[in-house]
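Asks: Quick note on numbering: the working numbering labels position 248 of the sequence shown as 255, and the sequence is numbered without any gaps.
Beta carbons are placed, not taken as given, at the ideal position from N, Cα and C, and that holds for glycine.
On a predicted model such as this, the values are computed, not experimentally measured, just so you know.
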Amino acid sequence: MDNVLRSQLKKIGKKEKKLLDKNKKGTVRAVSEKLENKIPEGVRVKLETAFYKGFRLVFSKGTGWIEKTYNKEKRMLEYEAEDYTYERDQKRVIKQLNKVSSRSSMSNLGLTALEGTVMGVLGIGLADIPVFIGVLLKGIYEVAISYGFSYEKEEEKYYILLMIEAALAHEETQRTLDDKVNEITEYLSQGIAVPYLVEEQMRQTADAMAEDMLCMKFIQGIPIVGVLGGAVNVSYFNRVMRYVKLKYRKRYLLSKN
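#1: Whose C-alpha, out of M83, V11, E218, is nearest the C-alpha of Y158?
#2: If distances are taken between C-alpha atoms only, which option among L169, V188, K106, Q97 comes closest to A215?
#3: Can the beta-carbon of G141 be found closer than 8 Å to that of G69?
#4: Would you please state the rounded distance, in angstroms, between the beta carbons of E149 and Y243? I believe it to be under 8 Å.
#5: Comparing alpha-carbon positions, which option in R13, F58, K24, T183 lies nearest V138?
#6: Quick check: what's the CA-CA separation for M209 versus N245?
#7: Quick check: the Cα distance between D9 and N264, rounded to an integer number of angstroms?
#8: For a quick check, are the C-beta atoms of T7 and E161 less than 8 Å apart?
#9: Report the rounded CA-to-CA distance for A88 versus E193, giving the unit in angstroms.
#10: For E178 and Y93, I'd like the C-alpha separation in whole angstroms.
#11: Considering L175, what are the terminal residues of the alpha helix (DSSP H) in which it resides?
#12: Who are the Cβ neighbours of M220 in its own chain at under 7 Å, not counting the five residues just before and after it?
#13: According to DSSP, is N1 part of a helix, a strand, or is it coil?
#14: Compute the beta-carbon to beta-carbon distance between L64 and A217, rounded to the nearest angstrom, for a pair I have assumed lies under 8 Å.
#15: Are the CB atoms of A174 and V251 nearer to each other than 8 Å?
#16: Can you give me the Cβ contacts of I152 inside the same chain, cut-off strictly under 7 Å, excluding the 5 residues immediately before and after it?
#17: Taking only the alpha-carbon atoms, compute the straight-line gap between G20 and Y165 and give it to the nearest angstrom.
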């Protein structure tokens, strides 16, 4: 491994540690936990089902629509042009790929804020879940493309779902899932076949999202007050994208080893 790769991976390692050490609960989560006991169990089940069906819908029918919101071929050509010069100017190429990845994330963050706030004002809680998932996957797809990775294959869907679950998990559960994500990241970077169960992972990720977003989605179902629940979509989008960007960046660098 050359010095540039070693240095870049070391930086990513520090950022990963900082991300995991950060107190994930925060104010929003603390407030949520106080209110969750007052929410009927049936609401939790409905939310888990809504997230699961949302993922199934977007994966099966939504990818084509998502791809209409950006020029996939152009993005891939831009990546290939940068990657072609990697050996001549590693630092510049890595910096440029990171820049493109961050720019895509920021543009989709604005879309998430708009979607969440509008749905919140209207008092739409469960119905906006497929839309939120669509925006979230759009952000992840664009980050994947910026580092030259596809998202259509079943193992890639599994990888994306696992990263979402890990990004939203807490404490020791997150560390365990992060270890698993790192293992899969290394396998994929080396072209090693990854054992995957997309359907099972879809349910696990849906349950994790429902658990973490239960209170806010319940609030979002109440008109006007729902603005709060809608705005929280931005917070969750940010958490997932920070994590996903690090993993795709790491995967790209490992593929160069």
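Replies: Taking the structure as given:
#1: Position 151 of the sequence shown, counting from 1, holds the residue named residue 158. Nearest of M83, V11, E218 to Y158, Cα basis: M83.
#2: Working through the sequence shown from its first residue, we reach residue 215 at position 208. Ranking L169, V188, K106, Q97 by Cα distance to A215 puts L169 first.
#3: Here the question's residue 141 lines up with position 134 in the sequence shown. Here the question's residue 69 lines up with position 62 in the sequence shown. Taking a C-beta distance under 8 Å as the contact criterion, G141 and G69 qualify as a contact pair.
#4: The residue given as residue 149 occupies position 142 in the sequence shown. The residue given as residue 243 occupies position 236 in the sequence shown. The Cβ separation is near 17 Å, so there is no contact.
#5: Numbered from 1 along the sequence shown, position 131 holds the residue referred to as residue 138. The alpha carbon of V138 has as its nearest neighbour, out of R13, F58, K24, T183, the alpha carbon of F58.
#6: For this step, residue 209 is matched to residue 202 along the sequence shown. For this step, residue 245 is matched to residue 238 along the sequence shown. A direct Cα-Cα distance of roughly 20 Å separates M209 from N245.
#7: For the purposes of this step, residue 9 is taken as the residue at position 2 of the sequence shown. For the purposes of this step, residue 264 is taken as the residue at position 257 of the sequence shown. Here the alpha carbon of D9 sits roughly 8 Å from the alpha carbon of N264.
#8: Past the boundaries of the shown model lies residue 7; the chain is included only from 8 to 264, so the question cannot be answered.
#9: Reading the sequence shown from its first residue, position 81 is the one you call residue 88. Reading the sequence shown from its first residue, position 186 is the one you call residue 193. Going by the C-alpha atoms only, they are around 24 Å apart.
#10: Within the sequence shown, residue 178 is the residue found at index 171, counting from 1. Within the sequence shown, residue 93 is the residue found at index 86, counting from 1. Going by the C-alpha atoms only, they are around 37 Å apart.
#11: Numbered from 1 along the sequence shown, position 168 holds the residue referred to as residue 175. For L175, the enclosing alpha helix (DSSP H) begins and ends at 161 to 175.
#12: Taking the sequence shown and counting its residues from 1, one reaches residue 220 at position 213. Taking C-beta separations shorter than 7 Å and ignoring five residues to either side along the sequence, the partners of M220 in its chain run Y243, following chain order.
#13: The chain is shown only over 8 to 264; residue 1 falls outside these bounds and no answer can be derived.
#14: The residue labelled residue 64 in the question sits at position 57 within the sequence shown. The residue labelled residue 217 in the question sits at position 210 within the sequence shown. Between the beta-carbon of L64 and that of A217 there is about 16 Å, and that puts the pair past the 8 Å contact cut.
#15: As a working mapping, residue 174 is identified with position 167 in the sequence shown. As a working mapping, residue 251 is identified with position 244 in the sequence shown. Cβ atoms of A174 and V251: closer than 8 Å.
#16: As a first step, residue 152 is located in the sequence shown; it is residue number 145 there, counting from the start. If you ignore the 5 residues before and after I152, its C-beta comes within less than 7 Å of the C-beta of K79, R82, M83, Y86, all in its own chain and listed in chain order.
#17: In the sequence shown, counting from the first residue as 1, residue 20 sits at position 13. In the sequence shown, counting from the first residue as 1, residue 165 sits at position 158. C-alpha separation (whole angstroms): 23 Å.
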